[in-house]
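Reading through the structure tokens given below for one structure.
Residue numbers (our numbering), protein chains in the order written: chain A, 347 to 467; chain B, -4 to 500.
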């Protein structure tokens, strides 16, 4: 049993570090920066665009489908990286396997395209 | 290690199903929208038959494993795959009938067919893997496909409600299952079921019993969702009612059989070898003599709750949902006596009987409810005068579900009952007997409607050919298995050596 519970010591250390770091960073920043507030500075940061309206608005459902598509192909690249690095060792078989994987994903893309997910109206 | 050296041929049935699903989706995408998509169902049917051919061809061979037991070809998987493929073949025939031109409720007809195929792929993986991760991926492939299938009537209010309920409760069940698996993985450090079994036995001696129990209970509760038994049964009535009738049949027969496949595979492989040496009563197997009590309690609770709540139902699909909760309780009974010699053949015998009688019953339900436009039990009133053969077929299915002699359901129940008595599990046998008698009330309620109540119409009920075929196969299967139960049991015992499930080639 002792071995198993010892693992939680590490978790606790990480928890404390995780809390400590932002607190320390913000406190240091408070001492280091000049204190010069004016109204424009206190508005919500919106990538340089003038913020308008409430934050609780309905998003077009297409954002989600778009985001889902993006995540799928993002994950695909994550799978491709280790395969590409170890390509010499894995050889022909992994190449075929990867092709099957990519072809199936492309069929998914064709599906999205045919169902007009990629069009924005 | 050279990956080309593995015997990839054993995965042929899975590859065929995957290929068929892919081809169907491509055809569906590039076909004009106004075309009839029912021929996709016929293509899917051909794929299922081809896969079935290879499953039968590989049956009875020595167990083969590839990728470190991630995929196994053994008799256990083969038997379950045959059940899945037969069921999906019949379901396709039923769906071709369901998606006719009059049906305006399902817009995505192509999707219907290939989602059934991907669900089938998930079930086949669930039946023939010995690795927690692969088993879980199979479970999810089945789950996600069936979530969409339940909600495939996109504009239908009940269909949407049931799909939402199914997704939410399914996600919770998945989380619970995974949490349980994480304890087992945490103790043993591997996902291979055979390695887990070895390391779990020694972990138990080292005092990790509490975590093993936690893993067991969490996995049992999470996986009980798929087979719809207590404590995870409450989704079944709502989802069964809202889903299109062929999908309801799919959930109540195939999804349930796949749930049993994964439960038996995981629990029997993983917890089998744990022995308690330190008890006062001498050493004993933890799974077979301690944990099985909890499975017995779940089985008894399912039988009682399913059968009593079914008494008050007026909607035929809700009634079938409660009936299927009770049926799952019956199938759990042989799992309580886990190491009974005939445990595998009893479970599979009941699943075969259940396949024929339930699919047949749902075919009749589909024809009658579509004709009357209501799912109330009263839609069966006067069926005997409208279509005598359909009424007689439905009577056979209901008698089989109730467990009346010379039907398949009787022998299925009889064997389970006898095994329970044999292993001195008298209280469970008594619960099974008592709740079976309660179930007569609602099964005979439908029969009374068909023969003794006057219907709103006396017009002849035309049974379309595909549905008639499924009903005929159901009647033949139910009666033939009921008349010659020995043939089926002998085939199961002689051609399929279930103990090779534990062999590591």
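Think of the CB as a built atom: it goes at the ideal place given N, C-alpha and C, for glycine as much as any other residue.
So the candidates are the options; which of them puts its Cα closest to the Cα of residue i?
i: residue 61 of chain B; options: B:120, B:74, B:24; result: B:120
i: residue 443 of chain B; options: B:234, B:3, B:389, B:250; result: B:389
i: residue 491 of chain B; options: B:340, B:165, B:136, B:308; result: B:340
i: residue 497 of chain B; options: B:262, B:276, B:280; result: B:262
i: residue 225 of chain B; options: B:296, B:188, B:281, B:331; result: B:296
i: residue 208 of chain B; options: B:28, B:64, B:286; result: B:286
i: residue 244 of chain B; options: B:233, B:151, B:189, B:316; result: B:316
i: residue 164 of chain B; options: B:230, B:200, B:153, B:18; result: B:230
i: residue 31 of chain B; options: B:53, B:10, B:12, B:103; result: B:103
i: residue 318 of chain B; options: B:3, B:393, B:487; result: B:393
i: residue 331 of chain B; options: B:415, B:52, B:11; result: B:415
i: residue 255 of chain B; options: B:162, B:308, B:20, B:220; result: B:220
i: residue 83 of chain B; options: B:93, B:64, B:206, B:108; result: B:108
i: residue 4 of chain B; options: B:50, B:428, B:21, B:42; result: B:50
i: residue 237 of chain B; options: B:206, B:273, B:160, B:268; result: B:160
i: residue 66 of chain B; options: B:320, B:131, B:227; result: B:131
i: residue 29 of chain B; options: B:77, B:289, B:408, B:99; result: B:99
i: residue 430 of chain B; options: B:298, B:283, B:387; result: B:298
i: residue 35 of chain B; options: B:129, B:105, B:395; result: B:105
i: residue 445 of chain A; options: A:422, A:415, A:377, A:461; result: A:422
i: residue 449 of chain B; options: B:480, B:379, B:473; result: B:379
i: residue 125 of chain B; options: B:275, B:246, B:69; result: B:69
i: residue 41 of chain B; options: B:63, B:495, B:18, B:54; result: B:18
i: residue 307 of chain B; options: B:325, B:441, B:7, B:356; result: B:441
i: residue 410 of chain B; options: B:185, B:480, B:64, B:211; result: B:480
i: residue 189 of chain B; options: B:8, B:273, B:260; result: B:260
i: residue 7 of chain B; options: B:386, B:52, B:275, B:258; result: B:52
Would residue i and residue j qualify as a contact pair, given that the criterion is a beta-carbon distance under 8 angstroms?
i: residue 446 of chain B; j: residue 397 of chain B; result: no
i: residue 348 of chain B; j: residue 403 of chain B; result: yes
i: residue 56 of chain B; j: residue 80 of chain B; result: no
i: residue 253 of chain B; j: residue 352 of chain B; result: no
i: residue 302 of chain B; j: residue 433 of chain B; result: yes
i: residue 216 of chain B; j: residue 179 of chain B; result: no
i: residue 293 of chain B; j: residue 305 of chain B; result: no
i: residue 251 of chain B; j: residue 323 of chain B; result: yes
i: residue 426 of chain B; j: residue 354 of chain B; result: no
i: residue 116 of chain B; j: residue 136 of chain B; result: yes
i: residue 39 of chain B; j: residue 87 of chain B; result: yes
i: residue 366 of chain B; j: residue 456 of chain B; result: yes
i: residue 462 of chain B; j: residue 97 of chain B; result: no
i: residue 384 of chain B; j: residue 484 of chain B; result: no
i: residue 346 of chain B; j: residue 12 of chain B; result: no
i: residue 235 of chain B; j: residue 249 of chain B; result: no
i: residue 399 of chain B; j: residue 474 of chain B; result: no
i: residue 282 of chain B; j: residue 267 of chain B; result: yes
With a cut-off of 8 angstroms on the beta carbons, I'd call residue i and residue j a contact; round off their distance for me.
i: residue 270 of chain B; j: residue 196 of chain B; result: 7 angstroms
i: residue 424 of chain B; j: residue 412 of chain B; result: 6 angstroms
i: residue 363 of chain B; j: residue 375 of chain B; result: 6 angstroms
i: residue 233 of chain B; j: residue 157 of chain B; result: 5 angstroms
i: residue 175 of chain B; j: residue 127 of chain B; result: Not quite, the Cβ-Cβ distance comes to about 10 angstroms (not below 8 angstroms), so this is no contact.
i: residue 377 of chain B; j: residue 453 of chain B; result: 7 angstroms
i: residue 380 of chain A; j: residue 389 of chain A; result: With a Cβ gap of about 19 angstroms, residue 380 of chain A and residue 389 of chain A do not count as contacting.
i: residue 448 of chain A; j: residue 24 of chain B; result: Rounded, the Cβ-Cβ distance is 18 angstroms, inconsistent with contact.
Within its chain, find whatever has a CB closer than 7 angstroms to the CB of residue i; leave out the 5 residues flanking it on each side and keep chain order.
i: residue 468 of chain B; result: 85
i: residue 357 of chain A; result: none
i: residue -4 of chain B; result: Per-residue confidence for residue -4 of chain B stands at a pLDDT of 49, beneath the threshold of 50, marking its modelled position as unreliable; the derived number appears in the next sentence. Nothing listed; no residue qualifies.
i: residue 320 of chain B; result: 223, 224, 228, 231, 297, 300, 301
i: residue 452 of chain A; result: none
Considering only residues of the same chain and omitting the five flanking positions on each side of residue i, which have a CB-CB separation below 8 angstroms?
i: residue 242 of chain B; result: 141, 144, 145, 147
i: residue 408 of chain A; result: 463, 466
i: residue 202 of chain B; result: none
i: residue 381 of chain B; result: 450, 452, 453, 454, 455, 456
Would you say the beta carbon of residue i comes nearer than 7 angstroms to a heavy atom of the ligand MN?
i: residue 415 of chain B; result: Among the components modelled here there is no ligand, and therefore nothing to report on the ligand MN.
Return the chain-ordered list of same chain residues with a C-beta closer than 6 angstroms to the C-beta of residue i, the five sequence neighbours on each side being excluded.
i: residue 72 of chain B; result: 122, 123
i: residue 110 of chain B; result: 140, 143, 144
i: residue 114 of chain B; result: 137, 140, 141
i: residue 182 of chain B; result: 198, 203, 206
i: residue 407 of chain B; result: 344, 345, 348
i: residue 16 of chain B; result: 109, 112, 113
Return the residues of the segment 19 to 33 of chain B that lie within a Cβ-Cβ distance of less than 8 angstroms from chain A, sorted by chain order. For chain A, the residues of the segment 19 to 33 of chain B that bring a beta carbon within less than 8 angstroms of one of its beta carbons are 20, 21, 24, 25, in chain order.
So if I threshold CB-CB distances at 7 angstroms, which residues from the segment 233 to 258 of chain B count as touching chain A? Cβ contacts with chain A come from no residue of the segment 233 to 258 of chain B.
Return the residues of the segment 421 to 435 of chain A that lie within a Cβ-Cβ distance of less than 8 angstroms from chain B, sorted by chain order. So nothing in the stretch comes that close.
Short of 7 angstroms Cβ to Cβ, which residues in the segment 0 to 18 of chain B face chain A? Listed by position along the chain: 17.
Taking only beta carbons into account, state which residues of the segment 451 to 463 of chain A come closer than 7 angstroms to chain B, listed in chain order. Going along the segment 451 to 463 of chain A in chain order, one finds 453, 456, 457, 460 with a Cβ nearer than 7 angstroms to chain B.
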